[in-house]
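Respectively, the protein sequence lines represent chains A and B. No gaps in the numbering here: position 2 of the first sequence is 2 in the working numbering, and each next residue is one more. No gaps in the numbering here: position 53 of the second sequence is 1053 in the working numbering, and each next residue is one more. Every residue, glycine too, gets a C-beta built ideally from N, C-alpha and C.
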Amino acid sequence: MNHIPIEYYLILSAVMFSIGVAGVLIRRNAIVVFMCIELMLNSANLTLVAFSSYLGNSIGQIFVFFVMTVAAAEAAVGLAIIIAVFRNKQNINIDEINIFKW
Amino acid sequence: MNLELVLFIFFALLALFASIMMITRKNAVLSAVFLILNFFALAGLYLLLNAQFIAVVQIIVYAGAIMVLFLFVLMLLNQRSDESILGQKNKLKIFAVIISIVVLFQLAYIIFYSSPSSVLNPELQKSIQSGSVEMIGKELYTNYILPFESAGFLLLAAAIGALVLAKKKFEQ
């Protein structure tokens, strides 16, 4: 039933992860940086689901379920932090949010 | 060229196209829309892998709930999309591209070095059952009940934390 080698899924996941890394480093909008982190989480999920399916058990998919839970919590708290920062500085450009730097 | 390979190539190209468009669009709302497209392509790949439950949850939770939250905050903040990708410091951009290519080569090296398809037992054919709601529910409510309850507490803590962070400060 598995005609596709698992390497195809792994390479696709690796390429998507690298695109996410490039996005985090290139983009300056804090919300877009968050979306790039979501992209990286999803590429890791693809690896987990591929191995789970090719090994024939469902433990990997349960792990993906928990990754999604953590991603939802992270998105909620992160966006609340961004709103709080925006309320103080009227800006979400991460080059100008440097109050932790000295 | 069987149907499975054709579908895989279609969804893989769609996912790559959407993710590249996502990091190169100047307008953050367009980035979010392309990320949603990427999530739908990933849901198609999960269906190809017989992970029906994860595919549905991917669409409902990610493309539905989380991305609506992102779009809501984007439109609430109403940023001018004046972020110029080409105009910024070029050195930083080259550095970023080099780092991501290094990461990609590391991952590709690990994948080809370990050659997982030669290790995987072909007897372990994936059954259509392994990704069904029944199997995942059975595992979640028996062997993984403690992590499941902890995930519930995590979501509660995140909801309270988001409320506390986003509300206005009380007058002292």
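Rounded separation between residue i and residue j - CA only
i         : j         : result
B:Ser1100 : A:Val24   : 10 Å
A:Ile83   : B:Met1067 : 16 Å
B:Met1021 : B:Asn1027 : 11 Å
B:Phe1010 : B:Ala1063 : 19 Å
B:Ala1151 : B:Ser1132 : 21 Å
A:Tyr9    : A:Phe86   : 39 Å
B:Ile1160 : A:Val77   : 9 Å
A:Val21   : A:Phe34   : 11 Å
B:Leu1005 : B:Asn1090 : 39 Å
B:Leu1155 : B:Phe1008 : 34 Å
A:Ser136  : B:Lys1167 : The structure shown does not extend to residue 136 of chain A, since chain A spans only 1 to 102, so no value can be given for it.
A:Gln90   : B:Leu1030 : 22 Å
A:Ile37   : A:Ile97   : 19 Å
A:Asp95   : B:Tyr1113 : 39 Å
Amino acids of chain A, ordered along the chain, whose beta-carbon sits closer than 8 Å to that of residue i
i         : result
B:Leu1165 : Val77, Ala80, Ile81, Ile83, Ala84
B:Lys1093 : Ile26
B:Asn1050 : Ser53
B:Val1006 : Neighbours of B:Val1006 on chain A: none; closest Cβ ~11 Å, over 8 Å.
B:Leu1014 : Chain A residues near B:Leu1014: none, gap ~11 Å exceeds 8 Å.
B:Glu1149 : In chain order: nothing, as chain A lies at least about 11 Å away.
B:Val1191 : Any property of residue 1191 of chain B remains undetermined from this structure, which presents chain B solely from 1001 to 1172.
Pair within 9 Å by beta-carbon distance, residue i and residue j
i         : j         : result
B:Ala1065 : A:Ala73   : no
B:Leu1045 : B:Ala1012 : yes
A:Ile92   : B:Leu1092 : no
B:Leu1074 : B:Ala1018 : no
A:Tyr75   : B:Leu1165 : In the sequence as displayed, the identity of residue 75 of chain A is Ala instead of Tyr. Contact flag unset, no.
B:Ile1059 : B:Phe1039 : yes
B:Ala1162 : A:Ala80   : yes
B:Pro1116 : A:Ile6    : yes
B:Leu1107 : A:Ser18   : yes
B:Leu1104 : A:Val15   : yes
B:Leu1047 : A:Leu46   : no
B:Leu1140 : A:Phe65   : yes
A:Asn126  : B:Ser1118 : Nothing can be reported for residue 126 of chain A: it is not among the residues displayed for chain A, which extend from 1 to 102.
Chain A residues whose Cβ lies nearer than 7 Å to that of residue i
i         : result
B:Met1135 : Ser58
B:Tyr1144 : Ile62
B:Val1061 : Met68, Ala72
B:Phe1017 : What B:Phe1017 touches in chain A: nothing, since even the nearest Cβ is about 11 Å away.
B:Tyr1046 : Val49
B:Phe1010 : By Cβ distance, chain A contributes nothing, its closest Cβ being about 12 Å from B:Phe1010, past 7 Å.
Neighbouring residues, chain B, relative to residue i (Cβ below 8 Å)
i       : result
A:Ile11 : Ala1108, Ile1111
A:Glu96 : Those within 8 Å of A:Glu96 in chain B number zero; the least Cβ separation is about 12 Å.
Contacts of residue i in chain B (Cβ-Cβ under 9 Å)
i        : result
A:Phe100 : Within 9 Å Cβ-Cβ: nothing; A:Phe100 doesn't reach chain B, min ~16 Å.
A:Asn88  : Ordered by position in chain B, no residue passes the 9 Å Cβ test against A:Asn88, which lies about 10 Å from the chain.
Chain-ordered neighbours of residue i on chain A, where CB pairs are closer than 9 Å
i         : result
B:Gly1131 : Val49, Ser52, Ser53, Ser58, Gln61
B:Asn1090 : What B:Asn1090 touches in chain A: nothing, since even the nearest Cβ is about 11 Å away.
B:Phe1070 : Ile31, Phe34, Met35, Glu38, Ala75, Leu79
B:Gly1161 : Ala73, Ala76, Val77, Ala80
B:Val1057 : Val64, Phe65, Met68
B:Phe1053 : Ser58, Gln61, Phe65
Distance cut-off 8 Å: residue i Cβ against heavy atoms of the ligand MN
i         : result
B:Ile1098 : Among the components modelled here there is no ligand, and therefore nothing to report on the ligand MN.
- Of all the residues that make up the segment 32 to 45 of chain A, which are near chain B by a beta-carbon distance shorter than 8 Å? Those would be Val32, Phe34, Met35, Cys36, Glu38, Leu39, Asn42, Asn45, in chain order.
- Task: Using a Cβ-Cβ cut-off of less than 8 Å, list which residues of the segment 1019 to 1044 of chain B approach chain A; keep chain order.
- Result: Within the segment 1019 to 1044 of chain B, those residues whose Cβ lies closer than 8 Å to any Cβ of chain A are, in chain order, Ser1019, Ile1020, Met1022, Ile1023, Ala1028, Ser1031, Ala1032, Leu1035, Asn1038, Phe1039, Leu1042.
- Query: Using 8 Å as the threshold, is the segment 39 to 54 of chain A in touch with the segment 1047 to 1055 of chain B, meaning 3 or more CB pairs across them?
  - Reply: Contact holds: three or more Cβ-Cβ distances are below 8 Å.
- Query: Counting pairs of beta carbons, one from the segment 61 to 72 of chain A and one from the segment 35 to 47 of chain A, are three or more of them closer than 8 Å?
  - Reply: Contact between the segment 61 to 72 of chain A and the segment 35 to 47 of chain A is present, because at least three Cβ pairs lie under 8 Å.
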